[in-house]
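Student: After the structure tokens below, expect a handful of questions from me.
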Amino acid sequence: MNKKKCVELFLFCIGMILILINIFGLFIPLKNPDIYREKKTGFENDTTISYKQALKMLQNTKNTDTKKYVVEINDIFNRAIAHYWENEGIKKYNLTIPIYENYILFLLHYIHPSSYEKYEYCDYSKTIERGVGLCSQHAIALVDFLMSNGIEAHTVGLDGHVVATADVNGEWWILDPDYGVVIPHNIEAIQRDPAIVKEYYFKKTQKNGEDAVNNIANIYERKGNVIYPSNMLGNMTYGYADCYLKKVLIEGISYILKWLIPLSLTFPLIYSSILRRRYENE
Numbered sequence: 231m232n233k234k235k236c237v238e239l240f241l242f243c244i245g246m247i248l249i250l251i252n253i254f255g256l257f258i259p260l261k262n263p264d265i266y267r268e269k270k271t272g273f274e275n276d277t278t279i280s281y282k283q284a285l286k287m288l289q290n291t292k293n294t295d296t297k298k299y300v301v302e303i304n305d306i307f308n309r310a311i312a313h314y315w316e317n318e319g320i321k322k323y324n325l326t327i328p329i330y331e332n333y334i335l336f337l338l339h340y341i342h343p344s345s346y347e348k349y350e351y352c353d354y355s356k357t358i359e360r361g362v363g364l365c366s367q368h369a370i371a372l373v374d375f376l377m378s379n380g381i382e383a384h385t386v387g388l389d390g391h392v393v394a395t396a397d398v399n400g401e402w403w404i405l406d407p408d409y410g411v412v413i414p415h416n417i418e419a420i421q422r423d424p425a426i427v428k429e430y431y432f433k434k435t436q437k438n439g440e441d442a443v444n445n446i447a448n449i450y451e452r453k454g455n456v457i458y459p460s461n462m463l464g465n466m467t468y469g470y471a472d473c474y475l476k477k478v479l480i481e482g483i484s485y486i487l488k489w490l491i492p493l494s495l496t497f498p499l500i501y502s503s504i505l506r507r508r509y510e511n512e
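The numbering of the sequence shown is the working numbering, which starts it at 231 and goes up by one.
Now the structure itself:
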């Protein structure tokens, strides 16, 4: 066997291994069902619907009344994603993207661990498929979905929390998919009077006493608040600090390359074999 044939065979084997890894990943859910029973989530019964249920609900929810629509969509994202980001769950809950899901993003966690060891998706579909994340992951996913469906929305960085804001029939509302809260006021009005938010957060925080809802109100004070721009690249949104253009490009392209790379690795051996057979038949 000559050197060229050895290289082609080696590349073919690598390509086939990667293809098998990809195929294997098609049958493994990204959302670990243990998250439904996890005690270290942000809230009790923090996620109650599966990826398939969430997708179906999103598809079936029609925007005939924008005010009602954003409330329902916010609720779906709240129930689909658990607030969880513990180091002990990095592998268990796929905070690091597993090799069978996307070997490119998996390898990047060795190269750039600060961004990829605990990875925040920019694609809303992948976010609800995994079903875990911080408040920022909830907001990123919600904004991506709303932007993809014709509703202008932005992520809003508060002092220790991240929410979304959306244009609802000309009014800017605050949406908090992490808490499952919708506040029909814009961020400027809330910054002038943070106590506005208390009635909306009370139900979610009442078990922790009055201090909890007061702390939420304090978070909305003007200091440190940032409304991030939202731009569309294909069907993905970028602009938030952790979903900048380069990252969105890498995420989107990696899901294409994870198939193209192994196919290209298998091509030289297949092509040379076809040429050899043609030559032998002449």
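Positions of the beta carbon are idealized from the N, C-alpha and C atoms, including for glycine.
#1: For D374, does the count of other Cβ atoms within 10 angstroms reach 16, so buried, or fall short, so exposed?
#2: What number of angstroms, rounded off, separates the C-alpha of I417 from the C-alpha of P407?
#3: Along the chain, which unbroken stretches of the alpha helix (DSSP H) at least 4 residues long are found entirely within the region 258 to 300?
#4: According to DSSP, is I327 helix, strand or coil?
#5: Taking Cβ positions, are A310 and E268 nearer each other than 8 Å?
#6: With a 10 Å radius around its C-beta and 16 neighbouring C-beta atoms as the bar for buried, classify T395 as buried or exposed.
#7: Spatial neighbours of L248 within its chain, please: C-beta separation below 8 Å, excluding the five flanking residues on both sides.
#8: Pairing CB atoms from the region 251 to 268 with CB atoms from the region 359 to 371, are three or more of them under 8 Å?
#9: In whole angstroms, what is the alpha-carbon distance linking Y299 and N308?
#10: When the Cβ atoms of the region 366 to 383 are set against those of the region 462 to 481, are three or more pairs found closer than 8 Å?
#11: Answer with buried or exposed for F254, where buried requires no fewer than 16 other C-beta atoms within 10 angstroms of its C-beta.
#12: Across which residues does DSSP place I404 in a beta bridge pair?
#13: On a Cα-Cα basis, can you pick out the residue from G390, N445 and N399 that is closest to G454?
#14: With burial defined as no fewer than 16 other Cβ atoms inside 10 Å of the residue's Cβ, what is the status of L337: buried or exposed?
#15: Distance, Cα to Cα, G380 vs T296?
Tutor: Per the coordinate set shown:
#1: Position 144 of the sequence shown holds residue 374. By the neighbour-count criterion, in which 16 or more other beta carbons inside 10 Å mark a residue as buried, D374 falls on the buried side.
#2: Working through the sequence shown from its first residue, we reach residue 417 at position 187. Working through the sequence shown from its first residue, we reach residue 407 at position 177. When rounded, the distance between both Cα atoms is 16 Å.
#3: DSSP runs (the alpha helix (DSSP H)) wholly in the region 258 to 300: 281 to 290.
#4: By 1-based counting over the sequence shown, the position of residue 327 is 97. For I327, the three-state secondary structure derived from DSSP is coil.
#5: Counted from its first residue, the sequence shown places residue 310 at position 80. Counted from its first residue, the sequence shown places residue 268 at position 38. No; because the gap between Cβ atoms is not below 8 Å, this pair is not in contact.
#6: Against the sequence shown, residue 395 aligns to sequence position 165. So T395 counts as buried.
#7: For this step, residue 248 is matched to residue 18 along the sequence shown. Cβ within range, chain order: Y333, K488, I491, P492 and L495.
#8: Contact holds: three or more Cβ-Cβ distances are below 8 Å.
#9: Numbered from 1 along the sequence shown, position 69 holds the residue referred to as residue 299. Numbered from 1 along the sequence shown, position 78 holds the residue referred to as residue 308. Cα to Cα, Y299 sits roughly 14 Å from N308.
#10: Put simply, the region 366 to 383 touches the region 462 to 481. At least three CB pairs are less than 8 Å apart.
#11: Position 24 of the sequence shown holds residue 254. In this structure F254 is exposed. Its beta-carbon is surrounded by fewer than 16 other beta-carbon atoms within 10 angstroms.
#12: The residue labelled residue 404 in the question sits at position 174 within the sequence shown. Note: I404 sits in a beta bridge opposite T395 and I413.
#13: By one-based count along the sequence shown, residue 454 stands at place 224. Ranking G390, N445 and N399 by Cα distance to G454 puts G390 first.
#14: By one-based count along the sequence shown, residue 337 stands at place 107. By the neighbour-count rule (16 or more Cβ atoms within 10 Å), L337 is not buried but exposed.
#15: To locate residue 380, count along the sequence shown from 1; it is residue 150. To locate residue 296, count along the sequence shown from 1; it is residue 66. Separation of G380 and T296 (C-alpha to C-alpha, rounded to the nearest whole angstrom) is 11 Å.
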